[in-house]
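First residue of the sequence shown: 159, per my numbering; consecutive thereafter.
Here's the structure we're looking at; comments come further down.
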Amino acid sequence: MSDSEDDGNAEMEKQVKIVILGGTYVGKTSLIRRYCFDEFLRYYNLTVAANFFLRRFPLPGRYEVTVKISDVGGFEFTCSMLGNYVFNADS
Numbered sequence: 159m160s161d162s163e164d165d166g167n168a169e170m171e172k173q174v175k176i177v178i179l180g181g182t183y184v185g186k187t188s189l190i191r192r193y194c195f196d197e198f199l200r201y202y203n204l205t206v207a208a209n210f211f212l213r214r215f216p217l218p219g220r221y222e223v224t225v226k227i228s229d230v231g232g233f234e235f236t237c238s239m240l241g242n243y244v245f246n247a248d249s
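Set out below in structure tokens:
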């Protein structure tokens, strides 16, 4: 019997990968930072290539969801790396 099966107390974890795409200067990073950290930065920092964020939260019944967010800079739409950012994305 594995550790996760021994007493039924193991948490069930679900991972979700989300990729945020859009034009430059539209607020993608601002929306993500508000969702992940409940903050809004008043200064602008251009996203070069991509940034990656995580947010974990519990659900009723010992479930935990991990949301992995890829924030792809607006200039990356023409980049050959775009396919790597969206590979295996859930949304």
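Where is the CB? At the ideal position from N, CA and C, for every residue including glycine.
Which of helix, strand or coil DSSP assigns to Thr205: Three-state DSSP puts Thr205 in coil, outside helix and strand.
When Met170, Glu171, Glu169 and Lys175 are compared against Asp248, the one with the closest alpha-carbon: If we check each option's Cα against that of Asp248, Lys175 comes out closest.
7 Å Cβ cutoff met for Val225 and Arg213: Result yes, Cβ atoms of Val225 and Arg213 sit closer than 7 Å.
Under 7 Å between C-beta atoms of Val184 and Tyr243: No, the Cβ-Cβ distance between Val184 and Tyr243 is not below 7 Å.
Helix, strand or coil at Leu199 according to DSSP, with G and I counted as helix: In this structure, Leu199 counts as coil in the three-state DSSP scheme.
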